[in-house]
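Order-wise, the sequence lines are chains A and E.
For the record, in the first sequence the residue sitting at position 2 is 275 according to the working numbering, with numbers rising by one throughout.
For the record, in the second sequence the residue sitting at position 51 is 765 according to the working numbering, with numbers rising by one throughout.
Built from N, CA and C at the ideal position, the CB exists for glycine as well.
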Amino acid sequence: DGGITQSPKYLFRKEGQNVTLSCEQNLNHDAMYWYRQDPGQGLRLIYYSQIVNDFQKGDIAEGYSVSREKKESFPLTVTSAQKNPTAFYLCASSLLSRTDTQYFGPGTRLTVL
Amino acid sequence: RKEVEQDPGPFNVPEGATVAFNCTYSNSASQSFFWYRQDCRKEPKLLMSVYSSGNEDGRFTAQLNRASQYISLLIRDSKLSDSATYLCVVGDNTDKLIFGTGTRLQVFP
Chain A
274 DGGITQSPKY
284 LFRKEGQNVT
294 LSCEQNLNHD
304 AMYWYRQDPG
314 QGLRLIYYSQ
324 IVNDFQKGDI
334 AEGYSVSREK
344 KESFPLTVTS
354 AQKNPTAFYL
364 CASSLLSRTD
374 TQYFGPGTRL
384 TVL
Chain E
715 RKEVEQDPGP
725 FNVPEGATVA
735 FNCTYSNSAS
745 QSFFWYRQDC
755 RKEPKLLMSV
765 YSSGNEDGRF
775 TAQLNRASQY
785 ISLLIRDSKL
795 SDSATYLCVV
805 GDNTDKLIFG
815 TGTRLQVFP
């Protein structure tokens, strides 16, 4: 059963803490992405990776970091430098390029207390 | 001007109605076009890609008008289960996907 999984589904963080959101896919896709979604706004790209051990900043990368050590995995760390981290975080993957169809994981809802 | 613009709605329609959404995009060199559906507090799911010649999938029809730079989604015979937010997504010539903010559809009995 192929797909994208994200964990945890809900995450609460105290101010000043770093947290890491997990994203795993078994679709054998090369490209993976992280987006955040805020009410009334379209999805905004945080980081993307088109190949293992390589990743690029998206439109709103400040305060976030990623790694791509394995093709299947693309974890996102929300650091204490991110000023407004409360949001819905979505991981996606696509076969090759960024304009290929992207498939999304179920998301992680992060709340900063 | 936003890169991808959609009417936020909500569109409130009775079951069985036909409803259409439009989405305009600003980059005339855009190459790929999609409609996604997003249920409340869930992830977006691909509804359909949009091809130059237009395409249909059951009750759903998508059209692309390159001259006027818009895409449309037509839903016939609306069902209660069609209630969701519909996201217009455009792939531009810099290899980037731009997401619209979505159009909310509410189908009532």
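- Minimum Cα-Cα distance from E:K716 among the listed residues E:D771, E:T808, E:K756, E:T738 corresponds to E:T738.
- Residue pairing from DSSP places A:S338 in a beta bridge opposite A:T350.
- The beta carbon of E:F748 sits closer than 8 Å to some beta carbon of chain A.
- DSSP places E:T738 inside the beta strand (DSSP E), whose first and last residues are 733-739.
- The contact set of E:D753 on chain A, defined by CB atoms closer than 8 Å, is empty, because the minimum CB distance reaches about 11 Å.
- With respect to the C-alpha of E:Y784, the residue from E:A743, E:K793, E:L819, E:V727 having the closest C-alpha is E:A743.
- Boundaries of the beta strand (DSSP E) around A:L363: 360-367.
- Between the alpha carbons of A:G331 and E:K759 lies a distance of about 21 Å.
- E:P724 and A:N326 have their C-alpha atoms roughly 43 Å apart.
- A:N291 sits close to A:S353, with the two beta carbons spaced by under 8 Å.
- For E:P758, the enclosing beta strand (DSSP E) starts and ends at 758-763.
- Listed along chain E is no residue with a C-beta nearer than 8 Å to that of A:Y337; the closest approach is about 18 Å.
- Bounds of the beta strand (DSSP E) holding E:N726 are 725-728.
- Within its own chain, the residues whose Cβ lies closer than 7 Å to the Cβ of E:R773, once the five positions on either side in sequence are excluded, are I789, R790, D791, listed in chain order.
- Residues of the segment 353-371 of chain A that bring their beta carbon within less than 8 Å of a beta carbon in chain E comprise F361, L363, S370, R371, in sequence order.
- Judged by DSSP in its simplified three-state form, E:L794 adopts helix.
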